[in-house]
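The next block holds one structure in the form of structure tokens; read it before the comments.
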Amino acid sequence: MENKIVIQNFGPVKEAQINLNKNFQIFIGAQASGKSTICKVIYFVQKIRDYTLDYLMDAAQFTQNHKNEYFNNYMKYLTKQFIGCFGKTKHMQKFYVSYMFAGKHINIFLNRDGYVRFSLDAKLKEELCGLINEASEMFLNNFNTKSLLDNITAVGVMKRHLNERLFLVFENNDEIIYIPAGRSLLATMSEQLQDVSTDEMDLTMQEFVKLIKITKNKFGTKIPEMITDYVKTIKGQINNAAVDQAYEFVKKILKADYISENDGEKIYFDEYHWVKLMYGSSGQQEVLWILMLAFATILEKNKSFIIIEEPEAHLFPIAQKDVMSLISLMINSTNSKVIITTHSPYILTSTNILLYSQKVENQHTKLNKIVIPKNLRVSYENFAAYKVDDSEKVLESLLDEESHMINTNYIDEVSSITNSELDELITMEIDE
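Here it is in structure tokens:
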């Protein structure tokens, strides 16, 4: 089923069309070219499913309003979430965003007065109106006569039911995660994170902070003890090989173990030596939540859609390579989808190795030697790489059909410029 997004004249992006069925996609381009804008739009449209659940679980929407207002209030709620993600819209140029999924679509645009509006196709609108009516009946008819404890239980059951219904409506049960740039700031503020007000942050950062607060509670012990505790639970069936590989990458990249203890988040170098996360290196602070979220996804076998901005930040090239291997391991072991933005040629060349391995080693299975383990390889059919053109503001594919890799001409573009300048300087020196 077609699952894609079309973006026109949104911020710095003139035109972009992205196939959301791909498991792995990379966007590269100059700063302010539109990479983050594209990713935030992709994140927002997919989160509409979750925002819908939030609306359906807000009893006040049904107890304080007439039923004829329910759907209009839902549209207003989506508008509020959009403004939380992108800011007010009256200063924006006229834009158009279309999210197509499961034979349905959601269009987002500005009206003549500069206000954002949402348009749903008839089938989707009918399905969502049915869920809105169902939620209203539950709140208005089922909870009034019950005890507080019964109401709490009923709300939990209702939330699970509506969530499952929304999975079917959107044909998507992935956990949607956005890992923004500038992550080290949150690590530096880790001691105060519980008290930090997120009201002034944009919606993506607010949701990332909330995710961190939830996820760090899973890491109350070192990862080996965490794995032992997890396998004792009812849902504790794990992919042992992938979990072990993931932990090896975490240790190699972080060069330590992470633990969230009662007196703060810590980086343990060995059993006796540690530092508070806020005093860790900038590389450790930037990469920590990429590693922890990837590991938790693999351990719990969560199928996720994860957007990661600049995974290379403050990392040595070898660590950048290992991060890409961990991301590929997560994709292959959980059938997750990942989009990353990057400025790093090392990220591209590391990905090329994983792509080329899939092409070469998958065809030579009888060889005893393995260069890249099978579960780290990147499938060309499920991969895309784009240059966000700084002048045209459109997407340009970087894939080479013949080699099944990212076009190295773009990777080497900066090197070509510096080599040309070096040649001119050498010529100037010789001529003197």
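What the sequence shown shows, in this note's numbering, is residues 1242 to 1673, in sequence order. Note that beta-carbon positions come from the ideal geometry of N, C-alpha and C, so glycine has one too.
Linking LYS1308 to GLY1371 through their CA atoms gives a straight-line distance of about 12 Å.
Unbroken alpha helix (DSSP H) runs of no fewer than 4 residues, entirely contained in the region 1495-1534, are not found. For PHE1303, the CB contacts under 8 Å within the same chain, skipping 5 residues up- and downstream, are TYR1311, ALA1376, SER1377, PHE1380 and LEU1381 in chain order.
The shortest C-alpha to C-alpha distance from ARG1353 to any of MET1341, VAL1338 and LYS1331 is the one to LYS1331. Between VAL1528 and LEU1495 a beta carbon distance of about 7 Å is seen, short of the 8 Å cut, so the two are scored as contacting. Shown here for GLN1322: same chain residues with a beta carbon closer than 7 Å to its own, the five before and five after excluded, namely TYR1292 and LEU1444 in chain order. Contact check between the region 1573-1586 and the region 1268-1276: three or more CB pairs, one atom from each, fall below 8 Å, which counts as touching. Contact between THR1456 and MET1533 is confirmed by a C-beta separation of about 6 Å, below the 8 Å threshold. Residue environment: MET1669 is assigned as exposed (fewer than 16 neighbouring CB atoms within 10 Å of its CB, all protein chains considered).
LYS1628 counts as buried, since at least 16 other C-beta atoms from the protein chains shown sit within 10 angstroms of its C-beta.
Per DSSP, reduced to three states, the secondary structure at ALA1422 is coil, with no helix or strand assignment.
Leaving aside the five residues that flank ASN1348 on each side, the residues in its chain whose CB is nearer than 6 Å to its CB run, in chain order, SER1339 and SER1360. GLU1489 sits exposed, since fewer than 16 C-beta atoms from the chains shown fall within 10 Å of its C-beta. The C-beta distance from ILE1647 to LEU1589 rounds to 5 Å, short enough to fall under 8 Å. Apart from the 5 residues on each side of it in sequence, ASN1616 sits with its Cβ closer than 7 Å to the Cβ of ALA1483, LEU1570, ASN1573 and SER1574 in its chain, given in chain order. Here GLU1551 is not near HIS1514, since their CB atoms are 8 Å or more apart.
A residue is called buried when at least 16 other Cβ atoms come within 10 angstroms of its Cβ; VAL1398 does not meet this threshold and is exposed. In this chain, the beta strand (DSSP E) harbouring GLU1637 covers 1636-1638. A straight line joining the alpha-carbon of PHE1546 with that of ILE1418 spans about 6 Å. For GLN1599, the enclosing alpha helix (DSSP H) covers residues 1586-1602. Within a 10 Å sphere around the beta-carbon of THR1394 sit fewer than 16 other beta-carbons, which makes this residue exposed. For GLU1466, the enclosing alpha helix (DSSP H) has its first and last residue at 1464-1472. Straight-line spacing of the CA atoms in HIS1346 and ASP1511 works out to 52 Å. Annotation for MET1341: the continuous beta strand (DSSP E) segment containing it runs 1337-1342. A distance below 8 Å separates the beta carbons of GLN1258 and LYS1245.
In the same chain as TYR1318, and ignoring 5 residues on each side of it, the C-beta atoms closer than 6 Å to its own belong to TYR1296, in chain order. For ASN1306, the CB contacts under 8 Å within the same chain, skipping 5 residues up- and downstream, are ASN1314 in chain order. Annotation: HIS1555 to GLN1287 spans about 29 Å, alpha carbon to alpha carbon.
Annotation: the continuous beta strand (DSSP E) that includes PHE1265 extends over 1265-1269. TYR1356: not part of any beta strand (DSSP E); DSSP gives it neither H nor E. Sequence-distant Cβ neighbours of LYS1263 in its own chain, meaning closer than 8 Å and more than five residues away, are LYS1578, ASN1623, PHE1624 and ALA1625. With a beta-carbon spacing of about 4 Å, GLN1249 and TYR1337 fall inside the 8 Å limit used to define contacts. Between LYS1517 and ASN1650, the alpha-carbon positions lie close to 43 Å from each other.
The beta carbon of ASN1404 sits closer than 7 Å to those of LEU1294, all from its chain and outside the five residues before and after it, given in chain order. A direct Cα-Cα distance of roughly 16 Å separates ASN1603 from THR1592.
Scanning LYS1542, ALA1535 and MET1519 for the CA closest to the CA of ILE1548 turns up ALA1535.
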